[in-house]
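Chemist: Sharing a structure here in structure tokens format.
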Amino acid sequence: MPDPSTIRAVECSPPCWMVRLALEEKGLDHECKLLNFAAGEHKSPEMLAKNPRGTVPVLMDGNIVVYETLAIFDYLEYAYPQPALLPNTNALRGRALTRLHEANNLKQVGMALFSYLMNTKAIDLDPAEVDHLASFLHDELFFWEYYYGIGHWASGSAIGLADLAVFAYVATAAHLGLELQQRYPNLHAFCLRMKERPSVIATWPSVWKQQPYSYLTEPES
Ligand SMILES: N[C@@H](CCC(=O)N[C@@H](CS)C(=O)NCC(=O)O)C(=O)O
Numbered sequence: 165m166p167d168p169s170t171i172r173a174v175e176c177s178p179p180c181w182m183v184r185l186a187l188e189e190k191g192l193d194h195e196c197k198l199l200n201f202a203a204g205e206h207k208s209p210e211m212l213a214k215n216p217r218g219t220v221p222v223l224m225d226g227n228i229v230v231y232e233t234l235a236i237f238d239y240l241e242y243a244y245p246q247p248a249l250l251p252n253t254n255a256l257r258g259r260a261l262t263r264l265h266e267a268n269n270l271k272q273v274g275m276a277l278f279s280y281l282m283n284t285k286a287i288d289l290d291p292a293e294v295d296h297l298a299s300f301l302h303d304e305l306f307f308w309e310y311y312y313g314i315g316h317w318a319s320g321s322a323i324g325l326a327d328l329a330v331f332a333y334v335a336t337a338a339h340l341g342l343e344l345q346q347r348y349p350n351l352h353a354f355c356l357r358m359k360e361r362p363s364v365i366a367t368w369p370s371v372w373k374q375q376p377y378s379y380l381t382e383p384e385s
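Going by the working numbering, the sequence shown opens with residue 165, and the numbers climb by one from there.
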């Protein structure tokens with residue numbers, strides 16, 4: 165890469181985190197410009213010129229602009245194949261791509277819940293709505309708990325793009341109070357493995373307090 169690429173991202177956004185993790189895992193020299201979401205910096209004229217949808221993440225690699233998280237993943241894997249984050253045999257790649265795109269289900273239910281929690285004033289939060297949205301997340305986590313019981317990584321014996329996606333959503337849910345250890349031991353072990361990786365250490369949201377929230381913590385019975 166002649167010049168370091170830049171990534172425009174907002175902190176605590178799972179899709180942005182996914183791309184930052186991929187850049188770190190690939191050891192690519194890059195600059196991350198964090199935008200102020202509340203101030204609408206992701207919709208500035210400069211950003212809209214790059215991505216008319218006004219969403220982040222947006223990757224700039226020289227003159228090449230790529231947005232849409234999965235497109236960025238695809239681009240990085242093609243442009244910078246080593247270290248690979250997708251396997252190179254047909255069978256394993258088929259499974260890895262399945263898991264990666266399957267993680268969109270996690271994104272849908274995760275983002276619906278996270279957006280509600282983050283965009284609603286504490287006083288207006290409706291516990292029934294939180295439970296309702298969390299129930300979809302639990303339904304989805306059931307699948308991932310099963311997959312991470314088969315192996316350490318979402319597909320095959322090496323970390324891959326799907327793992328980065330799953331981690332960004334599950335770690336966010338855990339930060340919001342989802343208890344993993346008892347209910348999802350395989351996902352818990354996966355998150356512990358991920359937390360030791362330099363990519364996660366380098367990108368851990370700086371605004372996250374040590375103590376997770378308790379929005380998703382279930383009362384003890
Ligand atoms: N389809 C996009 C969506 C990414 C996304 O949801 N980004 C959020 C931040 S977490 C965003 O930019 N929201 C602003 C908006 O939708 O206007 C992708 O996969 O990159």
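C-beta: ideal position from N, C-alpha, C; glycine also.
Can you grab the Cα-Cα spacing for the pair residue 381 / residue 298, in whole Å?
Modeler: Mapped onto the sequence shown, residue 381 falls at position 217. Mapped onto the sequence shown, residue 298 falls at position 134. Near 10 angstroms, if we compare the C-alpha coordinates of residue 298 and residue 381.
Chemist: Closer than 8 angstroms by C-beta to residue 197: which residues in its own chain qualify, once you throw out the five before and the five after it? Chain order, please.
Modeler: The residue given as residue 197 occupies position 33 in the sequence shown. Taken in chain order, the residues that qualify are 170, 171, 172 and 173.
Chemist: Beta carbon of residue 174: closer than 7 angstroms to some heavy atom of ligand 1?
Modeler: Numbered from 1 along the sequence shown, position 10 holds the residue referred to as residue 174. True, at least one ligand heavy atom lies under 7 angstroms from that Cβ.
Chemist: Around the Cβ of residue 212, are there at least 16 other Cβ atoms within 10 angstroms (buried) or fewer (exposed)?
Modeler: Your numbering for residue 212 matches position 48 in the sequence shown. Label assigned to residue 212: exposed.
Chemist: Verify whether the separation of the beta carbon atoms of residue 257 and residue 250 is less than 8 angstroms.
Modeler: Indexing the sequence shown from 1 puts residue 257 at position 93. Indexing the sequence shown from 1 puts residue 250 at position 86. Yes, Cβ-Cβ distance for residue 257 and residue 250 is below 8 angstroms.
Chemist: What is the residue span of the alpha helix (DSSP H) that residue 334 lies within?
Modeler: Here residue 334 corresponds to residue number 170 of the sequence shown, with the count starting at 1. Residues 325-339.
Chemist: In terms of residue numbering, what span does the beta strand (DSSP E) encompassing residue 176 cover?
Modeler: Counting from one through the sequence shown, the residue named residue 176 turns up at place 12. Where residue 176 is concerned, there is no enclosing beta strand (DSSP E), given that its DSSP letter is neither H nor E.
Chemist: Using a Cβ-based criterion (distance less than 7 angstroms to any ligand heavy atom), does residue 219 qualify as near ligand 1?
Modeler: Residue numbering aside, residue 219 sits at position 55 when the sequence shown is read from its first letter. Because some heavy atom of ligand 1 lies under 7 angstroms away, the Cβ of residue 219 counts as near it: yes.
Chemist: With respect to 7 angstroms, is the separation between the Cβ of residue 179 and the closest non-hydrogen atom of ligand 1 below this value?
Modeler: Along the sequence shown, read from residue 1 onward, the residue named residue 179 stands at position 15. Yes, Cβ of residue 179 sits closer than 7 angstroms to a heavy atom of ligand 1.
Chemist: Excluding the 5 residues preceding and the 5 following residue 186 in the sequence, name in chain order all residues of the same chain whose CB lies nearer than 7 angstroms to its CB.
Modeler: Counting from one through the sequence shown, the residue named residue 186 turns up at place 22. Contacts found: 237, 240, 249, 325 and 328.
Chemist: With residue 386 as the anchor, note down where its alpha helix (DSSP H) starts and where it stops.
Modeler: Past the boundaries of the shown model lies residue 386; the chain is included only from 165 to 385, so the question cannot be answered.
Chemist: When burial is assigned at 16 or more other CB atoms within 10 Å of the CB, is residue 287 buried or exposed?
Modeler: For the purposes of this step, residue 287 is taken as the residue at position 123 of the sequence shown. Looking at its Cβ environment, which holds fewer than 16 other Cβ atoms inside 10 Å, residue 287 is exposed.
Chemist: Given this structure, state the Cα-to-Cα distance separating residue 312 from residue 191, to the nearest angstrom.
Modeler: To locate residue 312, count along the sequence shown from 1; it is residue 148. To locate residue 191, count along the sequence shown from 1; it is residue 27. Their Cα atoms are separated by approximately 25 angstroms.
Chemist: On a CA-only basis, which of 339, 360 and 281 is nearest residue 371? Give me that one, please.
Modeler: Your numbering for residue 371 matches position 207 in the sequence shown. Of the candidates 339, 360 and 281, the one whose C-alpha sits nearest the C-alpha of residue 371 is 339.
Chemist: Can you give the Cα-Cα distance for residue 179 and residue 384, rounded to whole angstroms?
Modeler: Your numbering for residue 179 matches position 15 in the sequence shown. Your numbering for residue 384 matches position 220 in the sequence shown. Answer to the nearest angstrom: the Cα atoms are 32 angstroms apart.
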